[in-house]
Amino acid sequence: WGYALKLLMGAVAVSGAVIAACFRYINVNVLAKQDAEEAAALAGKPKKKKKPSMSLGESVKYLAGSPYIRDLFVLVTAYGMSINLVEVTWKSKLKLAFPDPNAYSAFMGQFSSATGVITLAAMFFGRFVFRKWGWGTAATITPSVLLATGAAFFALILGGDFFSPIVAMLGTTPLMLAVFVGAAQNILSKAAKYSLFDPCKEMAYIPLDQEQKTKGKAAIDVIGGPLGKSGGSLIQQVLIVAFGSLAAATPYLAVILAAIIGAWLLAARSLASQFEEKMSEEV
């Protein structure tokens with residue numbers, strides 16, 4: 002394991018050096034020329050005033066007053082919380098299934114490779130979804146995937162005895178089956194995020210005017226992003242303190258996950274109707 006770890010860290014160091022070299026090349030040979038050309042083109046023109054960033058209080062006030070941005074905020078926050086709630090529970094089971102560091106590292110390598118392949122395939126599928134069914138359907142696929150796979154994962158953890166015949170037929174253990182289902186959940190949810198969720202989020206800003214785009218993005222960046230990343234962790238910490246362990250808190254995590262995804266689906270449907278209305282007004 003020590004030798005494998007050194008090889009991995011060496012690969013990380015080499016990759017970091019390559020990225021740094023590419024970054025320097027782009028800044029020196031590409032961006033510098035573009036900046037010079039833009040400066041020459043804008044010479045003599047009045048400079049545009051920089052738009053100030055929004056404070057936390059201003060972001061909360063803006064979210065409260067804009068149903069459209071509020072629904073978009075729910076989408077961003079719910080994704081961060083949902084993926085965190087499932088991923089932490091899955092990794093706790095993964096460590097039990099693969100206590101050997103080499104086996105754990107090998108599994109995570111296969112997991113990363115599968116994530117890349119499935120995500121690439123989903124990128125092509127996502128374009129078809131947008132063309133065939135539109136923004137509303139695309140926006141509900143990611144939470145639907147998380148709900149279905151999350152339900153299967155928590156069902157295996159909480160009702161292992163019920164699935165014993167299936168587990169025996171597959172020639173595995175309840176723990177290992179839960180690990181593989183959790184891996185599939187993580188892979189599919191990340192593929193859905195990159196192929197559908199992220200494009201939906203950016204497309205949602207299209208029908209807004211410049212002020213709404215600026216303030217909306219600022220509000221979501223100030224509150225939505227951090228709350229989505231830290232909210233799931235905070236929920237788990239509170240439940241662990243209350244019930245003593247992550248295993249004891251798992252049933253409550255499943256209920257909270259279902260509630261969060263339910264709110265996500267409602268917000269997606271509400272935002273879809275508003276999005277279509279705004280887009281029709283522009284035509």
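For reference, each letter of the sequence shown is one residue, going 2 to 284 in this note's numbering. Here a beta-carbon is modelled for each residue, glycine too, at the ideal position from N, C-alpha and C.
query: Under three-state DSSP, which class holds T174?
result: coil
message: Let me make sure I understand the geometry here. Which of K191, K279, A140, I236 has the alpha-carbon closest to that of S114?
response: K191
- prompt: Can the beta-carbon of L197 be found less than 7 Å from the beta-carbon of G127?
  reply: yes
message: Rounded to whole angstroms, what is the Cα-Cα separation between I20 and A14?
response: 10 Å
- prompt: Could you give the residue range of the alpha helix (DSSP H) that holds G160?
  reply: Unbroken run through G160: none, as it is neither H nor E.
- prompt: Whose C-beta lies closer than 8 Å to the C-beta of L159 among residues of the same chain, with five residues either side of it excluded?
  reply: T251, P252, A255
message: Rounded to the nearest angstrom, what separates G263 and A22 at their Cα positions?
response: 45 Å
task: Tell me whether A205 sits in a helix, a strand or coil according to DSSP, three-state version.
output: coil
query: Is the beta carbon of M109 less than 7 Å from the beta carbon of G229?
result: no
task: For A269, collect the residues of the same chain with a Cβ closer than 8 Å to its Cβ; drop the 5 residues on either side in sequence, then sort them by chain order.
output: D72, L76, G137, A140, T141, P144
- request: Would you mind stating whether I70 and G217 have Cβ atoms separated by less than 7 Å?
  value: yes
- prompt: Any chance the segment 87-97 sits against the segment 177-196, with 3 or more Cβ pairs inside 8 Å?
  reply: yes
- request: Put F155 into one of helix, strand or coil per three-state DSSP.
  value: helix
message: Would A273 and L64 be called neighbours here (beta carbons separated by less than 7 Å)?
response: no
message: Within a Cβ cutoff of 6 Å, which residues of the same chain sit near F154, ignoring the five residues on either side of it in sequence?
response: V182, G183, Q186
message: Out of L121, A33, M170, A259, which one is the CA nearest neighbour of A156?
response: A259
DSSP state of D101 mapped onto helix, strand, coil: coil
- prompt: Which residues in the same chain as L147 place their Cβ atom closer than 7 Å to its Cβ, once the five residues preceding and following it in sequence are excluded?
  reply: S83, S190, I262
- prompt: By DSSP, does G117 sit in helix, in strand, or in coil?
  reply: helix
message: With H, G and I counted as helix, E and B as strand and the rest as coil, what does DSSP make of P245?
response: According to the sequence shown, residue 245 is Gly rather than Pro. Coil, per DSSP.
- prompt: With a CB to CB cut of under 7 Å and the five nearest residues on each side skipped, what residues in its chain are close to I241?
  reply: L247, A250
- prompt: Within 10 angstroms of its Cβ, does V87 collect 16 or more other Cβ (buried), or is it exposed?
  reply: buried
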